[in-house]
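Undergrad: Pasting a structure here, questions to come.
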Amino acid sequence: MSATILTVDDSRTMREMLKLALSQAGYRVIQAEDGVHGLEVLKGESPQVIVTDINMPRLDGFGFIEQVRSDETYRGIPILVLTTESDAEKKDRARRAGATGWIVKPFDPAKLIDAIRRVAA
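Listed below in structure tokens is the structure:
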């Protein structure tokens with residue numbers, strides 16, 4: 218059975234790009250449009266890795282990560298932040314919230330798959 222990846226991004230284009238790259242690498246991809254939706258989707262799933270954006274409506278990536286980390290069930294799931302932000306302070310904030318890693322958009326599919334394999338191992 219292939220590993221499941223949850224992607225959380227408010228951009229439809231980005232979700233499509235992620236789905237394509239991850240599916241081609243053999244992953245099962247489930248998607249959410251923002252942090253609130255991500256938490257809803259998570260209830261019925263147990264992904265091996267979560268890839269989330271930071272800047273989203275309703276609940277941003279920081280809030281999403283904090284809520285995932287506050288739930289015992291999902292505490293161990295690696296979370297990669299995929300964002301256009303490259304600001305050190307934001308990276309630090311994401312790390313404090315519980316992010317495992319940080320990838321800047323536009324992403325290189327090979328590097329993303331690599332990062333996912335590293336954190337999922």
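Position one of the sequence shown corresponds to residue 218 (my numbering), numbered consecutively onward.
All C-beta atoms, glycine included, are put in the ideal place defined by N, C-alpha and C.
All of these numbers come straight from a predicted model, not from anything done at the bench.
For isoleucine 294, does the three-state DSSP call read helix, strand or coil?
TA: For the purposes of this step, residue 294 is taken as the residue at position 77 of the sequence shown. Three-state DSSP puts isoleucine 294 in coil, outside helix and strand.
Undergrad: Have a look at glutamate 262 and proline 274 and give me their C-alpha separation to the nearest angstrom.
TA: Numbered from 1 along the sequence shown, position 45 holds the residue referred to as residue 262. Numbered from 1 along the sequence shown, position 57 holds the residue referred to as residue 274. About 22 Å.
Undergrad: Going straight from the alpha carbon of threonine 224 to that of isoleucine 267, what length do you get?
TA: The count along the sequence shown starts at 1 and reaches residue 224 at position 7. The count along the sequence shown starts at 1 and reaches residue 267 at position 50. Taking the straight line joining both Cα atoms gives about 6 Å.
Undergrad: How about lysine 236 and valine 246: are their beta carbons less than 8 Å apart?
TA: Position 19 of the sequence shown holds residue 236. Position 29 of the sequence shown holds residue 246. The answer is yes: Cβ separation under 8 Å.
Undergrad: When you compare only the Cα positions, how much space is there between tyrosine 291 and alanine 314?
TA: In the sequence shown, residue 291 corresponds to position 74, counting from 1. In the sequence shown, residue 314 corresponds to position 97, counting from 1. When rounded, the distance between both Cα atoms is 14 Å.
Undergrad: Report the CB separation of isoleucine 330 from alanine 242 in whole angstroms; it is logged as a contact under 8 Å.
TA: Within the sequence shown, numbered from 1, the residue matching residue 330 stands at position 113. Within the sequence shown, numbered from 1, the residue matching residue 242 stands at position 25. About 5 Å; that satisfies the 8 Å criterion.
Undergrad: Using the three-state DSSP reduction, which class does arginine 312 fall into: helix, strand or coil?
TA: Within the sequence shown, numbered from 1, the residue matching residue 312 stands at position 95. Reduced to three states, the DSSP call for arginine 312 is helix.
Undergrad: Going by Cα to Cα distance, which pick from Gln284, Met234, Ala238 is closest to histidine 254?
TA: Working through the sequence shown from its first residue, we reach residue 254 at position 37. Looking at the Cα atoms, Gln284 is the closest of the given residues.
Undergrad: From what residue to what residue does the beta strand (DSSP E) around leucine 207 run?
TA: Residue numbering for the chain in the displayed model covers 218 to 338; residue 207 lies beyond these limits and cannot be assessed.
Undergrad: So glutamine 284 is in the alpha helix (DSSP H); what residue range does that whole segment cover?
TA: Locating residue 284 in the sequence shown gives position 67, where the first residue counts as 1. Start and end: 278-286.
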